[in-house]
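Chains as they are written, first to last, in my numbering: chain B, 35 to 320; chain A, -13 to 282.
Each residue gets a CB set at the ideal place from its N, CA and C atoms; glycine is no exception.
What you are looking at is a predicted structure, and each value in this text was computed from that prediction instead of being measured.
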């Protein structure tokens, strides 16, 4: 056997496996693990009994139990909160897309002198603290009998997300050459046909990521939910908060509620990673 | 195909304005309408119920005489600055790190970005556990034999606001990473190669060429992070509940407490007016100047 061996990096795919590469990959997974740890521990805790959850030392191996999940459903009717979350986030996403798409379309393909300014102004309103509108909206809802009402939430979520939706769709539409639309118009397509058969297929990716962003933002919205709703229209955010508020805590039930609240987004997000990344970065990452 | 039909532009001439109108009007009402209403309330003597009389700056005087308000304002400043700066730094480093060719980069990027998809309420809950001295990190280290290890920031009123920063950074640094990574991929490789040929070291290339080129990326990240910082309500409610005492109050939780649980609508609306004015005075001008420059 020769003492000098030529190091031959193993080629797999387009990358080369060498020491540095392995170190980097291991390290990046390490960081990923570290980032995922709070969630992982929460999931673990949700399968423990309350006693196991606060056991000393921390339990890593134990017999999992589903009692927290069944008890959450029994005690506070998880599904009714989850249904409210679905209704408000899907409702506001659809409503938002319906209002924002034509607006973004018109700004992208029929710009006027004011278009840029209007867009800038809309974006700047995102900086306005929501607390500034809270008391008036609360009073308005009270007057109209819309406190603790899902329709009020849908409208507020839509208003909240509109500027960012218009902005994202606008930048997306901007990348579509307007010649294609003009050509279809020349061929006698009506505005609807032009929209439906030419623009929509081209803009699908952007619409999907905008929609997903709006869905995630509405799903996670807690400020308006906590302030304007109670038992009737409460979403999962308020369910989690209701388990979290008193200092005498039921850790494993709180964990179970939290896991239930994020599970749909985490699972749904994993299967639409491309849209998730694009949406969560507000369209910046293609 | 159909030679007889003319381009139908007549409808299209006024339609663009009509379709922009709903968004425009909605934003206008949502922002200015409610703000004006709020301003009106802040000049009234409203307590439990709204009143529409005029007491001048009385509510503002009461607000400024309130220690708790100043704690809240200071907390927002501490949280905002630390949160934004730390997110940008960590996000940039994670992006540079991931940019070095790592296996299964797509999956890792999604995992790093995942916290951003979670509700702040859940983030707060998860971190409340980890930061709890009896249950979380402190106990873990003590179990491992480091008896004197102490990490009680969550229950220490001087340090509690920093735990909010930790949880916030955890949630949002992956977002900055994803933006920066996209920015790094957009850097012209030929420039980097040329700099290398000229003998520049990698740190120098990053410092002089690549990071300055990420300017627009930092700006977008800054907009979103500032928005999150101003909005910080859910995270604090879930993580500290404003406590211990009112050590981690921010203007949003302050306003909520006064307007809804203490029956002080006037003071609450004066507090939110102060928030609005701070934003209008500092952030909006910056935003406009940056965007103007971009346009030219």
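Residue environment, residue i, which counts as buried when at least 16 other CB atoms sit within 10 Å
i, result
"residue 290 of chain A", "The structure shown does not extend to residue 290 of chain A, since chain A is modelled only from -13 through 282, so no value can be given for it."
"residue 176 of chain B", "exposed"
"residue 51 of chain A", "exposed"
"residue -8 of chain A", "With a pLDDT of 45 at residue -8 of chain A, under the threshold of 50, the predicted position of this residue should be treated as unreliable, though the coordinate-derived value follows. Counting Cβ neighbours within 10 Å, residue -8 of chain A comes out exposed, since fewer than 16 surround it."
"residue 271 of chain A", "exposed"
"residue 156 of chain A", "buried"
"residue 62 of chain A", "buried"
"residue 266 of chain B", "exposed"
"residue 297 of chain B", "exposed"
"residue 95 of chain A", "buried"
"residue 197 of chain B", "buried"
"residue 105 of chain A", "buried"
"residue 136 of chain A", "exposed"
"residue 253 of chain A", "buried"
"residue 96 of chain B", "exposed"
"residue 261 of chain B", "buried"
"residue 115 of chain A", "buried"
"residue 220 of chain A", "buried"
"residue 30 of chain A", "buried"
For residue j and residue i, believed in contact at Cβ under 8 angstroms, the rounded distance
i, j, result
"residue 22 of chain A", "residue 158 of chain B", "Incorrect: roughly 17 angstroms between the Cβ atoms, too far for contact."
"residue 267 of chain A", "residue 165 of chain B", "Rounded, the Cβ-Cβ distance is 16 angstroms, inconsistent with contact."
"residue 92 of chain A", "residue 307 of chain B", "7 angstroms"
"residue 181 of chain A", "residue 195 of chain A", "6 angstroms"
"residue 106 of chain B", "residue 112 of chain B", "5 angstroms"
"residue 161 of chain B", "residue 269 of chain A", "5 angstroms"
"residue 245 of chain A", "residue 46 of chain A", "Actually they are not in contact, since the Cβ atoms of residue 245 of chain A and residue 46 of chain A sit about 15 angstroms apart, beyond 8 angstroms."
"residue 319 of chain B", "residue 165 of chain A", "7 angstroms"
"residue 273 of chain B", "residue 291 of chain B", "6 angstroms"
"residue 153 of chain A", "residue 225 of chain A", "6 angstroms"
"residue 240 of chain A", "residue 54 of chain A", "6 angstroms"
Neighbourhood of residue i by C-beta distance below 6 angstroms, restricted to the same chain and skipping five residues each side
i, result
"residue 186 of chain B", "175 and 180"
"residue 218 of chain A", "236"
"residue 244 of chain B", "199, 202 and 203"
"residue 236 of chain B", "210"
"residue 36 of chain B", "With a pLDDT of 38 at residue 36 of chain B, under the threshold of 50, the modelled position of that residue is not reliable, and no figure is offered here."
"residue 154 of chain B", "none"
Contacts around residue i, its chain only, beta-carbon distance under 7 angstroms, and the 5 residues preceding and following it disregarded
i, result
"residue 25 of chain A", "259"
"residue 139 of chain A", "117, 145, 146, 148 and 149"
"residue 288 of chain B", "277 and 278"
"residue 255 of chain B", "191 and 271"
"residue 253 of chain B", "119, 123 and 299"
"residue 286 of chain B", "79, 80, 82, 83, 84, 87 and 102"
"residue 249 of chain A", "33 and 34"
"residue 129 of chain B", "188 and 192"
Chain B contact residues for residue i, given Cβ-Cβ distances below 8 angstroms
i, result
"residue 335 of chain A", "In the structure as shown, chain A begins at -13 and stops at 282. Residue 335 of chain A is therefore absent and cannot be evaluated."
"residue 106 of chain A", "254 and 256"
"residue 242 of chain A", "165, 168 and 261"
"residue 27 of chain A", "169 and 170"
"residue 142 of chain A", "Residues of chain B passing the Cβ test: none, with the nearest at roughly 16 angstroms."
"residue 265 of chain A", "161, 162 and 163"
Partners in chain B for residue i, counting only beta-carbon separations shorter than 9 angstroms
i, result
"residue 254 of chain A", "165, 168 and 169"
"residue 237 of chain A", "163 and 165"
Where residue i meets chain A, residues with beta-carbon distance less than 8 angstroms
i, result
"residue 303 of chain B", "96, 100 and 103"
"residue 316 of chain B", "206 and 210"
"residue 113 of chain B", "Neighbours of residue 113 of chain B on chain A: none; closest Cβ ~18 angstroms, over 8 angstroms."
Closer than 6 angstroms: residue i CB and nearest the ligand SAH heavy atom
i, result
"residue 257 of chain A", "In terms of ligand content, the structure shown is empty, and the ligand SAH therefore cannot be addressed."
Sequence-distant residues of its chain with Cβ nearer than 8 angstroms to residue i (five each side left out)
i, result
"residue 40 of chain B", "Because residue 40 of chain B carries a pLDDT of 39, less than 50, the predicted location of this residue cannot be relied on, and the following value inherits that uncertainty. Result list for residue 40 of chain B: empty, nothing under 8 angstroms."
"residue 70 of chain A", "208, 211, 212 and 215"
"residue 177 of chain A", "195"
"residue 193 of chain B", "none"
"residue 241 of chain B", "131, 135, 203, 206 and 234"
"residue 290 of chain A", "Residue 290 of chain A lies beyond the range of chain A shown here (-13 to 282); nothing can be said about it."
Residues that residue i contacts on chain A, provided the C-beta gap is smaller than 7 angstroms
i, result
"residue 278 of chain B", "111 and 224"
"residue 159 of chain B", "13 and 17"
"residue 197 of chain B", "13"
Residue i: contacting residues in chain B (beta-carbon distance under 7 angstroms)
i, result
"residue 251 of chain A", "169"
"residue 83 of chain A", "62"
"residue 75 of chain A", "Chain B residues near residue 75 of chain A: none, gap ~15 angstroms exceeds 7 angstroms."
Within chain A, the residues that residue i reaches when beta carbons sit closer than 9 angstroms
i, result
"residue 106 of chain B", "Neighbours of residue 106 of chain B on chain A: none; closest Cβ ~14 angstroms, over 9 angstroms."
Neighbour list for residue i in chain D, Cβ cutoff strictly below 8 angstroms
i, result
"residue 8 of chain A", "Note that chain D does not occur in the displayed structure, where the protein chains are B and A."
Whole alpha helix (DSSP H) elements within the region 253 to 294 of chain B, 4-residue minimum: 257 to 262 and 270 to 278, all fully within the region 253 to 294 of chain B.
Every unbroken alpha helix (DSSP H) inside the region 129 to 171 of chain A [4 residues or more]: Correct list: 146 to 171.
Unbroken stretches of the alpha helix (DSSP H), 4 residues or longer, contained in the region 163 to 245 of chain B: 165 to 178, 184 to 208 and 212 to 220, all fully within the region 163 to 245 of chain B.
Entirely enclosed alpha helix (DSSP H) segments - the region 47 to 84 of chain B, minimum 4 residues: For the region 47 to 84 of chain B, the continuous alpha helix (DSSP H) assignments of 4+ residues that do not extend past its boundaries occur at 53 to 80, in sequence order.
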